[in-house]
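Down below is the structure, laid out as C-alpha cells.
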Amino acid sequence: MRRVVNFLRGSVEVEAAGPFPERFVNLCAQRGVPFWGVEWREDGAVRIRVPRRARHGLEELAQRAGCALREVEREGAPAFLARFRRRYGLWVGLSFSLLAVLVLSHFVLVVDVQGNERVPTAEILSCLRRLGVHPGTFSPAIDVDTVEQEVLLELDELTWIAINRSGVRAEVLVREGVEPPEIVDQSELGDVVAGQAGVITRLEVWSGESDRQVGQAVAKGDVLIRGDVLLEGPPYGEGDIGWQQVRAQGVVEALTWRTLEASIPLEAQVKVYTGRTRSCYFLEWMGRRRDLWGGGSAPAGWEKTSRIWSPRLPDGLALPFAVGRELLREYETRPVQVDLAAAEEMLEARLAEALARQVGEGSVQETSYTAVVREGCLVVTLKAACREEIGVFVPKT
Numbered sequence: 011m012r013r014v015v016n017f018l019r020g021s022v023e024v025e026a027a028g029p030f031p032e033r034f035v036n037l038c039a040q041r042g043v044p045f046w047g048v049e050w051r052e053d054g055a056v057r058i059r060v061p062r063r064a065r066h067g068l069e070e071l072a073q074r075a076g077c078a079l080r081e082v083e084r085e086g087a088p089a090f091l092a093r094f095r096r097r098y099g100l101w102v103g104l105s106f107s108l109l110a111v112l113v114l115s116h117f118v119l120v121v122d123v124q125g126n127e128r129v130p131t132a133e134i135l136s137c138l139r140r141l142g143v144h145p146g147t148f149s150p151a152i153d154v155d156t157v158e159q160e161v162l163l164e165l166d167e168l169t170w171i172a173i174n175r176s177g178v179r180a181e182v183l184v185r186e187g188v189e190p191p192e193i194v195d196q197s198e199l200g201d202v203v204a205g206q207a208g209v210i211t212r213l214e215v216w217s218g219e220s221d222r223q224v225g226q227a228v229a230k231g232d233v234l235i236r237g238d239v240l241l242e243g244p245p246y247g248e249g250d251i252g253w254q255q256v257r258a259q260g261v262v263e264a265l266t267w268r269t270l271e272a273s274i275p276l277e278a279q280v281k282v283y284t285g286r287t288r289s290c291y292f293l294e295w296m297g298r299r300r301d302l303w304g305g306g307s308a309p310a311g312w313e314k315t316s317r318i319w320s321p322r323l324p325d326g327l328a329l330p331f332a333v334g335r336e337l338l339r340e341y342e343t344r345p346v347q348v349d350l351a352a353a354e355e356m357l358e359a360r361l362a363e364a365l366a367r368q369v370g371e372g373s374v375q376e377t378s379y380t381a382v383v384r385e386g387c388l389v390v391t392l393k394a395a396c397r398e399e400i401g402v403f404v405p406k407t
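End of the sequence shown = 407 in this note's numbering, gap-free, step of one.
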C-alpha cells in the first residue's frame, strides 16, 4: 500500500556529498522530512529518497550540513505525466477521447436487428427511424415501451419486439408470427374443376363424387370432383333418398404440358463513356450527410458511382461516421448488336424461373428450348412436361 501511495504522490532521489553527509541525514530527521532508501556510496556520499513535495526544502539543509546536493532521479505518476506536458497533440487527442467516451456513450450509434426471417431488416429499420430510433438518437430520450407498441401496430408480421440499449448499441430482438393454417369454409358449396389440361396421374376424393380415372385426359374447365352426392336408399328400398350438395374436396395431380415464350431485341442501347469525369466528396455523421466539395445531383447523361470508407473497431462495430466519394462519368448511348448466345442463355434462365412459379409445389419432368430470330427479335420458346396439382375449387353460383 505504501508503494502505491509513493507512486501516486511521486518521489525524488537525491545525493548529498560532503565531509559529513550524515549531518544532512540527521537534519532531515530533525525537520520531520520523510525519507527512505538510504544508500551510502563508496565516495562517502549518501543517497536518500523523499516525497516530491519535500524536495524544495532540502537545499537549505544541505548547505547547513556543508554538502553539495544533486538530484539523481524522479519517479512516480507526476514525473511520468510531466514527460508529456509539451506534447500538445497528445493532450488534445486525450481530451477528445474522454469527450467521446462521456458524450457519445449517450447516443445510439448502431441499431442491430435480430430474430427476423421473413420481414426484411430494412423494413424494420425504416419503421424504427420513423419512430426516432436510428444512429445519432439521444439514447435516454427513447421511450422504449411506446416505440415497441408502435412497431407492433405498424408491422403486422411481428408478434413481439424488445429494444435493449447497451452503450452505443441498440439491440432490437423480434419474433415473427406463425402463419395460420388456411381455413376452409365448409358451408361454401361447389365443384373441383381442372385449372390446366392434362392426364390424371393421381386422384383422391375427400368429399363429393368423381367419375374420372387415373390415366384419363381432361381439358381445362372440366369438372373433376362434383359437389353433388347421391344418397342411396336402403338395400331393399324402392329408390334413392336424393341428392345432397357438399363442398367438393380432394387431390387431383396430372401430367401437364406448358409452353412459355420470351423475346429480346437484337439491337440494344449501351453506354459509351466520353472520358469526362467529376468527383464529389462528402461526410456522413450520425446518418446525416454533408457535401465537402463538388456536390450536386448528376445531370442527364452522367452516371454516378459511390464509394464509402467507414472505420470499424476491432470487434467489427462500425463507427457512426464515414467519408465518401462520388464519381460522375459522362456517357453516350449507342446501338450495338446483342450477343445471341448470351441473350439466349438469359432468356432460358428467365423462362425456367417463370415455369417454376407457375408449377409451384409441382415438379418439372422434362424441358426443351427452341430459339429463332423473328422480326428483329430473338424469341426463345420453352416447352415443358410437368406433374402438378390441377384441381381448383369453384363455388356454385
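Note that the Cβ used here is the ideal one computed from N, Cα and C, for glycine as well.
Looking at the DSSP output, Thr266 shares a beta bridge with Cys396.
Boundaries around Asp122 are those of the beta strand (DSSP E), Val120 to Gln124, since no alpha helix (DSSP H) includes it. The continuous beta strand (DSSP E) containing Pro405 extends over residues Gly401 to Pro405. Look at Arg19 here: in three-state DSSP terms it is helix.
Between Tyr341 and Gly311, the gap from beta carbon to beta carbon is short of 8 Å. With a threshold of 16 other beta carbon atoms within 10 Å, Val121 meets it and is buried. The criterion of a C-beta distance shorter than 8 Å is satisfied by Leu361 and Leu392. As the crow flies, the alpha-carbon of Asp238 is around 25 Å from that of Glu398. Distance check between Pro309 and each of Ser316, Gly386, Val348 and Arg339 places Arg339 closest, using alpha-carbon atoms only. In terms of Cα proximity to Pro130, the closest of Arg286, Asp166 and Ala75 is Asp166. Per DSSP, Phe292 lies in no alpha helix (DSSP H) segment; the continuous beta strand (DSSP E) that holds it begins and ends at Glu277 to Trp295. By the Cβ-count criterion, Phe106 is exposed, with fewer than 16 other Cβ atoms from all chains shown falling within 10 Å of its own Cβ. For Gly99 and Pro88, the gap between their C-alpha atoms comes out near 19 Å.
Its Cα nearest to that of Thr315, the residue Leu337 stands out among Asp301, Ala332 and Leu337. According to the DSSP secondary-structure assignment, Pro61 is paired through a beta bridge with Ser21. When the Cα atoms are used, Gly187 and Gly103 turn out to be separated by approximately 49 Å. Per DSSP, Gln368 is one residue of the alpha helix (DSSP H) stretching across Leu350 to Val369.
Between Ile171 and Leu163, the C-beta gap is not smaller than 8 Å, which leaves the two residues out of contact. If you ignore the 5 residues before and after Glu32, its C-beta comes within less than 8 Å of the C-beta of Val56, all in its own chain and listed in chain order. Take Val184, set aside five residues on each side of it, and the residues of its chain with a beta-carbon closer than 6 Å to its own are Gly125, Asn126, Leu168 and Ile171, in chain order. As the crow flies, the alpha-carbon of Ala204 is around 23 Å from that of Glu363. Remark: C-beta atoms of Val182 and Thr147 do not approach each other more closely than 8 Å. Straight through space, the alpha carbons of Gln206 and Gly200 are spaced by roughly 18 Å.
The bridge partners DSSP lists for Val209 are Ala227 and Leu265. Bounds of the alpha helix (DSSP H) holding Val157 are Val154 to Glu164. Residue range Pro31 to Gln40 is occupied by the alpha helix (DSSP H) that includes Pro31, with no beta strand (DSSP E) assigned at that position.
Contact annotation: Val43 and Ala64 have beta-carbon atoms nearer than 8 Å. The beta carbon of Cys137 lies closer than 7 Å to those of Val161, Glu164 and Leu165 in the same chain, with the five residues before and after it left out. Here Leu141 carries a coil assignment [DSSP, helix/strand/coil]. For Glu70, the enclosing alpha helix (DSSP H) covers residues Leu68 to Arg74. Within 10 angstroms of the beta-carbon of Ala180 lie 16 or more other beta-carbons, which makes it buried. Its Cα nearest to that of Ser273, the residue Tyr379 stands out among Arg212, Ala264, Tyr379 and His144. The straight-line gap separating the alpha-carbon atoms of Gly76 and Gly28 is approximately 6 Å. Looking only at Val348, Glu52 and Asp301, the smallest Cα-Cα distance to Gly334 is reached by Asp301. For Leu71, same chain residues with a beta-carbon under 7 Å away, outside a window of 5 residues either side, are Phe34, Leu37, Cys38 and Arg41 in chain order. DSSP lists Gln254 as the beta-bridge partner residues of Val239.
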